[in-house]
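So the structure is just underneath, and the comments pick up after that.
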Amino acid sequence: MAGPPPGRSSLILGGRGGGRRAAIVALVSTVVVFGLLGAAVVNAPGWPLIQKTFFNATYWADSWPRQVPAIVTNIQLFLWAEAFILPLALGIAVLRSLSGPVFFPVRLLATIYTDVLRGVPGVLVIFLLGFGMPILGFEGMPTAPEFWGVVSLVLLYSAYVSEVYRAGIESVHPSQEAAARSLGLSRWQALRFVVIPQAVRRVIPPLLNDFIGLQKDTALVSLIGVLEVFRQAQIDESASFNFTPYLVTAVLFLVLTVPLARLTDWLVARDRRRQLAALAR
-5 MAGPPPGRSS
5 LILGGRGGGR
15 RAAIVALVST
25 VVVFGLLGAA
35 VVNAPGWPLI
45 QKTFFNATYW
55 ADSWPRQVPA
65 IVTNIQLFLW
75 AEAFILPLAL
85 GIAVLRSLSG
95 PVFFPVRLLA
105 TIYTDVLRGV
115 PGVLVIFLLG
125 FGMPILGFEG
135 MPTAPEFWGV
145 VSLVLLYSAY
155 VSEVYRAGIE
165 SVHPSQEAAA
175 RSLGLSRWQA
185 LRFVVIPQAV
195 RRVIPPLLND
205 FIGLQKDTAL
215 VSLIGVLEVF
225 RQAQIDESAS
235 FNFTPYLVTA
245 VLFLVLTVPL
255 ARLTDWLVAR
265 DRRRQLAALA
275 R
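Reading the sequence shown from the start, the letters are residues -5 to 275 in the numbering used here.
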């Protein structure tokens, strides 16, 4: 009876040891690389000034208690904006996916919306809405900068997210809709119950990437007077003439965005495993 090919048994027996050695090598190389980078930074001529300006423990301790409550405003802006972005972007994507000459005006309007909002810098949109709309003076029109900050973020990110949705809709094979129509479903029913559910599942990872961008861009609403974490850092910096408060802001945003980034990576890896399992059947 033929035995395993040469080297096969050693790989099997040494697989766990090989993985352990790989982990040790990775750890050592990481420590060496980051150690060299750290040594180069701390031995730079300007490091004492950088340490005093950006890593001042006194200003860190003084700014932290004020910035933690301020970032709650960023989280609220993010949640409000996301609640409107998801359905609005899906509606725009569906309108752009409609076929037939009768729907050309609708497709054109949806295309103009996405092209304009993706082409104009977000700062300009926030400025125009935040400072321009309250000046109109319509009765009952909100004037709060938080309101127009959320509206600006909704308009901006709906244009980007709609393209993500549209890519997901177009990735569903036309045979899926044809099969649904053959079962007696109308075009709208096939889109609602067959195409859109598949499309949404496929675009969850890129949607989460957009969520990360949206969470960071909530800092832009400080330009129209919203007291959020970045604006609080500016106030602290103006009072102390030290940039350490900005580092506190960066750390707070990392605490929010890094777990979401890791969740995105996990979802992408899970989707890849499912695809490989499906191909293996």
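C-beta: ideal position from N, C-alpha, C; glycine also. Remember, it's a predicted structure, so these values are computed and weren't measured experimentally.
Asked	Found
Collapsed DSSP secondary structure at S23 in the structure displayed	helix
CA-to-CA distance, I79 to V155, given in whole angstroms	8 angstroms
C-alpha distance - T67 paired with G178, whole-angstrom precision	49 angstroms
Stretch-stretch touch, CB-based, cutoff 8 angstroms, three pairs: the segment 43 to 50 with the segment 96 to 115	no
Alpha-carbon to alpha-carbon, V158 and D56	42 angstroms
CB of L89 within 8 angstroms of CB of V100, strictly	yes
Whole-angstrom distance between G13 and V197, CA atom to CA atom	34 angstroms
I106 to R160 span [Cα, whole Å]	15 angstroms
Of the residues Q209, S234 and N236, the one placed nearest V223, counting alpha carbons only	Q209
Pairwise C-alpha distance: L254 and W54	25 angstroms
Beta-carbon contacts of L214 that lie in its chain and below 7 angstroms, excluding the five residues immediately before and after	G116, V117 and I120
Start and end residues, alpha helix (DSSP H) containing V189	Taken as a continuous stretch (DSSP letters only), V189 belongs to no alpha helix (DSSP H), as it is neither H nor E.
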